[in-house]
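Below: the structure, in structure tokens.
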Amino acid sequence: MRIEIKDLGFGYSDIPVLKNINLDLNNPQFISILGPNGVGKSTLIHCLNKILSPSSGTVLVDGKEVSEYTLKDMAKKIGYVPYTSGDSFPLSVIDTVLMGRHPHSNRRSNEADLEKVYEILRKLKMTHLALRSFDELSAGQHQKVMLARGLAQEPEILLLDEPTSNLDIRHQMDVTRMLRNLSHTQGIMVIMISHDINIAARYSDSIILMKDGTVFDVGTPEEVLTEGNIMEVYGVESRIITEDGHPHIILKDNIPDEETLWDPSESSCTMPNTGCLKG
Amino acid sequence: MNRNQIIAIAAVIILAVAGAAVVLVTSGDDGPSDMDTTGRLMVYGNATNDDYLDNEDVKCLEDIISSGTWDKEASPLADADQDGSITEADVDMVKRLVNGESMTVYYNGYSGGDPAICKVKYPIVNCVVAGTNPAMILKSIGCQDLVVGYALGTSPDTVYFSDIIANGEAVSDSILKVDEEIFSELGTRTIITQDSASYIKNESTFVLSGADVVRIAASNTQDSLSSAITLGFLMQREESAQAYAKYCDDLLADIEKKLEEVDEKVTSLSVTMSNSVGGTTSDYYDATTRAGSINIADWNTTTQKYEEGAEWIHQYPAQFIIHARTLGYGEIDIQKTWTSNGELFSDTHAYKNGNYYILNGNIPVHLRVAYMAEIFYPDIFGEGYGDKAHQEYVDEFLDNLSGKYDVSEQFVGVISASDVS
Amino acid sequence: MADRVKDRSDMRLVEYSEIRFKYGLQVHKKVLFTVLCLALAVVGVGVTLSVGKFDIGFLESYIIIWNHLMGVEPTTLMGETKDFIVWDLRLPRAIMALFVGAALAVGGVVMQGVMRNPLADPYTLGVSSAASLGATLCIVLGFSLVPGLTKSAGTMVNAFIFSMIPIVAITLITRFKKTTPTMMILSGIAIMYVFSATTQLIMLYADPDNLADAYSWSVGTLGKSSWENLPVVIAVTVVGMALVSMMGKQLNILSAGDKISTTLGVDTGRCRVLLMLLVSITTATVVSFTGTIGFVGLVAPHVVRFFIGSDNRYVIPASACLGALLLVLADCVAKEAGATGLPVGVITALIGGPLFIALLIRQRRKVWN
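Protein chains in written order, with the working numbering: chain A, 29 to 307; chain B, 3 to 423; chain C, 698 to 1066.
What follows is the structure, given as structure tokens:
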């Protein structure tokens, strides 16, 4: 499968959120999208699956323009796992995940659908939660269920928006590893917006690093995660070491000399938890 | 004694007794004496409790003073100055009233919707009237020229009230209200209106500015005549008021007499507005009874609503249903009125038997009785009974329509199934 | 955000067969609930036939119906009246209650799902104030959109046409601008204010008779039920509810959020408008015959969800049955209350309010976030 993004631009009014994005993503692999908050990561993936339609440029999925896909066809090709669940009237876990079968099923969900759902729950080690109501789960379990729903779509491409932010680190690694294995064994292109640089570095095949609404760099983790890039994009000094063959970023705890006040317009202070101090 | 003396004494005794009987029978007989007319002039000072304020009342008061006993049941209206006792002051006041002197008089009116003793500056030389019933009475007693302002709602009966509308000014959009500013420009100190508290809610404002708000009840036969006579006195038009009272009394007497021929009374129910079925305390209950029917309503509220699909009305299978609506003296769309009102009652016995009637209700109460009597007992009263009585009323008492309005042609008194088929 | 699992034993792997079995049980429970409600609704019809201000014995009502069906004519005047009361007043009214209650409840389910708001009901788009305005125009001003109709027919037609205004407005807006559920609710509120202000203005100058009529129209009554009205109501409500229940799955997905719906292949704009259109037509039809009966559409779905969860494929039919049951029972009470009976809208309000509060207090499962 192949995603070609050419000169993609998007803005809600005159202020552009995305500009000049050019990407060529090929073959099953595990891709992480990294970048500070508000840089347009979610907006980018929303432009890929018809949630938003681009203001300019084109997106081709397997050679066909996204705008030409019907919603149902798109749903069969690209799965989506959102950042939060908006489910206002919660169903049981099984029924929630069953929703993911909708693009493939017709009138009623049948036995085969249920079996597929079970398989996914088993893989995510959630069978004991199958009949519980969605609103009785913890935030972490919510995220797993939404992930299961996305997987139930049996997509060729899976887009995920920070799917592990509410999980503890063990489960974060578990799920990320599972996603990586999924892309390698099931031949799915997994594109995940990640909030944790190190976990992304450890499992990703490629990393897309974004800054100010455009792609700053793209490539393997070793290529993209350099101290220079980190400083430019996040405004943080760091040291990269290699551990187990993967780059590892150690954040240096320092404040740049010029900044004594936190100025929100300064992009270098958009990285969370880096201690932009006042006074 | 010899025979001649006995005969002489017997003759004297017989003559004396006869004479006394004549005196007894003819005393106090200054007015139309056939009807029971006690207490209709509701002004305090009317010691004789009849329709007049005259020297009879002066005499009666003097008798009470001299005898020292005041039979409050026989003379409830004796205390002219409302000081609690009968004194020379009362006598004096009545004497001056008989002379027509200006002063404040007390009368039985209404306050806050309940009967109360009220006072008013006598005589009433002009007024503003609020409400159709009071306005009708003023016209019937010949006082329409004294009306300088009126509140008859947004669509008053322009035929019936043509003179009041032409000579007076509209004082508000609503039948219940009088605008204070307009009132103050009209140069009158009196408002005449209905007893109900929803009329002239801001009464106290008018009273504070020195005006009088005279409230009368006018919706049943008795009350409307009392009001007519009382107003006639207060406005110094006793003659025309008495003439109107006589007319009504005669009409009712005629109806009562004819009703004696009835062996079996019919049953009835009365309806007002679109679906308010009259109870035992409603005025139409009174009217249907006076017209000789048995009104089978048994609830003691004034009305009970009959909503579409309700079952309760079928527990009161009256032979006749009289549905009174205010249709006015002008032109009426008979078909439309029939359909829009009759639809709701089309499942009742009365309707199915052709005995559902729509009555044009804003006519004087006594005429309503006449029309209804004609509906209930057409053989006894004959066709046109209601119209005839009505024509008399129009010609004798309505200045603006007398001789120019043919009731049988122009007025739709009753709409029945046969009018629309 | 503590993990809900207390000890290791809870986290065992559960076999497919066990899950399948339990899932099947849940489905059976839901179906059972629906069937139970339906059965009770039918019983309710039976009860309401013998209830009313006109004294007819319990058994006698059924004998009268039986006789009528067998073609036996009543011989006495009283017999005729009783036959009229039971057959022409009570029976159509009971059937009307079933279908109106069902339609309103289903309307509530759909509106709550489409708006993703637990406080939505069939009137949320502004239907009740629009309908009231239409009715008031005819009752007070005698103005009928279709000329030449009698007052009652004109009122019905006015009410229907005006009830459709909100959905038409929303459909037009969505054509030009993507509208979120929140915007739709706000638009509904705006419509409500405009229409009810106009209605109030008209009522200020109405004479008391028309005022009372216009007011009681809006309270909602089943009194106008008749064999003539029934076919239209049954046809429209059955078709409306059937079409809606075929979209149960889509409604589930819509409730999950716009993004999820889109990515699962559901055209949110179109789906939403279609569902609301179906509800609007059904509700407008019902409203023109009964006025605006409240609370059934709001409360019935919540009661249902309390017992069987939020899967709309089951909530829709279950709400239909429960709504029917609720309205039939409310009408029983309405017919007996007061001196002359009360409009059923008063009873649904009296029952609906406390029922809602009881639900809020006793909820064991959060059926909304």
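For glycine and all other residues, C-beta sits at the position ideal for the given N, C-alpha and C.
{"Query": "Considering only heavy atoms of the ligand HEM, does any lie closer than 7 Å to the CB of Gly749(C)?", "Result": "Within the structure as shown, the ligand HEM is missing, as the structure has no ligands at all."}
{"Query": "Which residues in the same chain as Ala82(B) place their Cβ atom closer than 6 Å to its Cβ, once the five residues preceding and following it in sequence are excluded?", "Result": "Tyr46, Gly47, Asp92, Met95 and Val96"}
{"Query": "In this structure, how does DSSP classify His276(A) when only helix, strand and coil are distinguished?", "Result": "strand"}
{"Query": "Could you spell out where the alpha helix (DSSP H) holding Ala255(B) opens and where it closes?", "Result": "Glu240 to Leu261"}
{"Query": "Can you find the residues in the same chain that come closer than 7 Å, C-beta to C-beta, to Asp36(B), ignoring five residues on each side of it along the sequence?", "Result": "Confidence at Asp36(B) is low in this model, with a pLDDT of 35, below 50, so the placement of that residue is unreliable and no value is reported for it."}
{"Query": "Rounding to the nearest angstrom, what Cα-Cα distance links Gly388(B) and Leu369(B) in this structure?", "Result": "7 Å"}
{"Query": "Let me confirm a value: Gly311(B) is counted as buried when at least 16 other C-beta atoms fall within 10 Å, else exposed. Which label applies?", "Result": "buried"}
{"Query": "Is the Cβ-Cβ distance between Glu313(B) and Asn277(B) less than 8 Å?", "Result": "no"}
{"Query": "On the DSSP bridge list, what partners appear for Arg267(A)?", "Result": "Ile278(A)"}
{"Query": "Could you name the residues that DSSP lists as bridge partners for Thr274(B)?", "Result": "Ser278(B) and Ala326(B)"}
{"Query": "With a threshold of 8 Å between beta-carbons, can Gln723(C) be considered close to chain A, or not?", "Result": "yes"}
{"Query": "Flag this pair as yes or no: are the beta carbons of Ile66(B) and Ser77(B) separated by less than 8 Å?", "Result": "yes"}
{"Query": "Going by beta-carbon coordinates alone, are Pro136(B) and Ser104(B) separated by less than 8 Å?", "Result": "no"}
{"Query": "Can you find the residues in the same chain that come closer than 8 Å, C-beta to C-beta, to Lys779(C), ignoring five residues on each side of it along the sequence?", "Result": "Phe751, Ile753, Glu757, Ile761 and Pro771"}
{"Query": "Please give the ranges of any alpha helix (DSSP H) in the region 922 to 962 of chain C, keeping only runs that are unbroken, at least 4 residues long and fully inside the region.", "Result": "927 to 942, 945 to 952 and 955 to 960"}
{"Query": "For Asp349(B), go through chain C and note every residue whose CB falls closer than 8 Å to its CB, in chain order.", "Result": "Phe781 and Asp785"}
{"Query": "Which residues, taken in chain order from the region 227 to 244 of chain B, show a beta carbon closer than 7 Å to some beta carbon of chain C?", "Result": "none"}
{"Query": "Since Leu119(A) and Asn949(C) are thought to touch, with beta carbons under 8 Å apart, how far apart are those beta carbons, to the nearest angstrom?", "Result": "7 Å"}
{"Query": "Report the option in Gly273(A), Asp272(A) and Leu253(A) whose CA atom is closest to the CA atom of Ser266(A).", "Result": "Leu253(A)"}
{"Query": "Closer than 8 Å, Cβ to any Cβ of chain A: which residues of the region 791 to 818 of chain C, in chain order?", "Result": "Gln809, Gly810, Arg813, Asn814 and Pro815"}
{"Query": "Helix, strand or coil: how does DSSP classify Pro56(A) here?", "Result": "coil"}
{"Query": "Rounded to whole angstroms, what is the Cα-Cα separation between Ile1005(C) and Gly155(B)?", "Result": "58 Å"}
{"Query": "For Thr745(C), which of Thr895(C), Ser942(C), Leu1026(C) and Pro905(C) has the nearest alpha-carbon?", "Result": "Leu1026(C)"}
{"Query": "Between Gln317(B) and chain C, is the shortest Cβ-Cβ distance under 8 Å, so that the two count as touching?", "Result": "yes"}
{"Query": "Looking at the structure shown, is Tyr40(A) part of a helix, part of a strand, or coil, going by DSSP?", "Result": "coil"}
{"Query": "Is the region 376 to 384 of chain B touching the region 329 to 346 of chain B in the sense that three or more CB pairs, one from each, lie closer than 8 Å?", "Result": "no"}
{"Query": "Tell me where the alpha helix (DSSP H) around Pro319(B) begins and ends.", "Result": "No alpha helix (DSSP H) contains Pro319(B), which DSSP labels as neither H nor E."}
{"Query": "Tell me, please, whether the CB atom of Ser295(B) is closer than 8 Å to any CB atom in chain C?", "Result": "no"}
{"Query": "Can you list, in chain order, the residues of its chain with a C-beta nearer than 8 Å to that of Ile193(B)? Leave out the 5 residues immediately preceding and following it.", "Result": "Cys129, Val130, Val131, Ala132, Val180, Phe185, Ile202, Phe208, Ala213, Asp214, Val215 and Val216"}
{"Query": "For Lys406(B) and Phe399(B), I'd like the C-alpha separation in whole angstroms.", "Result": "13 Å"}
{"Query": "Around the C-beta of Asp116(B), are 16 or more other C-beta atoms found within 10 angstroms, so that it is buried, or is it exposed?", "Result": "exposed"}
{"Query": "Please classify Arg42(B): does DSSP put it in a helix, a strand, or coil?", "Result": "coil"}
{"Query": "Going by DSSP in three states, Asp214(B) sits in which element: helix, strand or coil?", "Result": "strand"}
{"Query": "Buried or exposed, going by whether 16 or more other CB atoms sit within 10 Å of the CB of Tyr40(A)?", "Result": "exposed"}
{"Query": "With a threshold of 7 Å on Cβ separation, who are the neighbours of Pro249(A) within its own chain once the five nearest residues in sequence on each side are excluded?", "Result": "Ala229, Ser232, Ile235, His274 and Pro275"}
{"Query": "Looking at the structure shown, is Tyr112(B) part of a helix, part of a strand, or coil, going by DSSP?", "Result": "strand"}
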